[in-house]
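Asks: For what it's worth, my numbering labels the leading residue of the sequence shown as 24, then goes sequentially. Input: one structure, supplied below.
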Amino acid sequence: MGITAVFPGTFDPIHHGHIDIANRGAAIFERLIVAVYDKPLKSLLFSPEDRLALVRAVFNSHSNVEIVGYSGLTVDFCEQVGAKAILRGLRVFSDFEHEFRMALANHRLSPGVEVVALVTREQHTFLSSTTVREIAALGGNVSSMVPPVVEEALKRRFKELGEGQTVVPMTALRD
Ligand code: ADP
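Next up, the structure:
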């Protein structure tokens with residue numbers, strides 16, 4: 024029987040760096056669950072429902088990719104869905120320390136779940152949700168960074184927040 028993996032993240036919003044990791048994960052694992060964390064300890068631009076809807080819109084034609092919202096510990100979610108692996112993406116060196124720490128903590132909590140990290144593609148090295156939000160907030164062109172459905176959602180959201188909105192919710196430094 025093939026392995027189910029969970030690709031957890033905040034996806035605020037989803038961008039091509041995430042999509043690339045998910046696609047490569049879907050080619051390795053029998054079943055990939057892209058898991059959208061509902062309330063991370065960071066301020067967000069999009070609601071959990073919007074982030075989930077955007078991830079769904081991006082992966083609607085993938086047969087072995089499921090999209091699920093979750094809260095609580097990622098390892099508990101893995102147990103609920105029968106996942107033996109957590110998929111993560113690695114960009115620059117700052118990611119490594121963070122991912123390393125989380126992988127060790129998750130392994131302590133649930134030794135049966137392995138963390139599998141894929142190294143980003145060169146062209147996505149700089150790409151983060153924070154960068155996308157910052158550029159979009161200032162009216163810049165993010166069409167090479169996110170799919171059209173996300174681009175539209177960013178425009179709508181910043182319009183909703185009002186003209187002159189340049190305050191972009193910070194997530195973590197590494198984002
Ligand atoms: P989290 O709050 O869990 O870090 P994110 O949505 O920021 O959620 O990221 C989810 C995963 O995607 C993380 O493993 C992160 O390292 C990875 N990721 C983010 N941007 C990229 C990118 N440009 N290339 C590869 N992986 C990425």
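In this text, a Cβ means the ideal position worked out from N, Cα and C, and glycines have one as well.
(1) Report yes if the C-beta distance between V172 and V165 is below 7 Å; otherwise report no.
(2) Could you give the distance in angstroms between the alpha-carbon of N46 and the alpha-carbon of F30?
(3) In three-state DSSP terms, what is P134?
(4) State the start and end residues of the unbroken alpha helix (DSSP H) segment that holds G40.
(5) Three-state secondary structure (DSSP) at A108?
(6) Quick one: is the Cβ of H201 within less than 6 Å of any heavy atom of the ligand ADP?
(7) Do D118 and the ligand ADP come close, with the Cβ less than 6 Å from some heavy atom?
(8) Can you tell me which residues form a DSSP beta bridge with G240?
(9) Which residue's Cα is closest to the Cα of E137: F123, P63 and L150?
(10) Let me make sure I understand the geometry here. Which of G32, E120, V78 and H85 has the alpha-carbon closest to that of F52?
(11) How far does the alpha helix (DSSP H) with F181 in it reach, from first residue to last?
(12) Taking the C-alpha atoms as reference points, what is the distance between E89 and P134?
Replies: Here's the rundown:
(1) Stepping through the sequence shown from its first residue, residue 172 is reached at position 149. Stepping through the sequence shown from its first residue, residue 165 is reached at position 142. No, they are not a contact pair.
(2) To locate residue 46, count along the sequence shown from 1; it is residue 23. To locate residue 30, count along the sequence shown from 1; it is residue 7. Straight-line Cα distance between these residues: approximately 11 Å.
(3) Indexing the sequence shown from 1 puts residue 134 at position 111. Looking at P134 - three-state DSSP - the assignment turns out to be coil, as it is neither helix nor strand.
(4) Counting from 1 along the sequence shown, the entry for residue 40 is found at position 17. Segment H39 to I51, the alpha helix (DSSP H) holding G40.
(5) As a position in the sequence shown, residue 108 is number 85, starting the count at 1. Strand at A108.
(6) Absent from the structure is residue 201, since the part of the chain shown begins at 24 and ends at 198.
(7) Counting from one through the sequence shown, the residue named residue 118 turns up at place 95. Within the cutoff, so yes.
(8) The structure shown does not extend to residue 240, since the chain is modelled only from 24 to 198, so the question has no answer here.
(9) Numbered from its first residue, the sequence shown carries residue 137 at position 114. The shortest Cα separation from E137 among F123, P63 and L150 belongs to F123.
(10) Against the sequence shown, residue 52 aligns to sequence position 29. Closest by alpha carbon: H85.
(11) Translated into the one-based positions of the sequence shown, residue 181 becomes position 158. F181 -> alpha helix (DSSP H) spans P171 to L184.
(12) Sequence index remark: in the sequence shown, residue 89 carries index 66 (1-based). Sequence index remark: in the sequence shown, residue 134 carries index 111 (1-based). Cα to Cα, E89 sits roughly 24 Å from P134.
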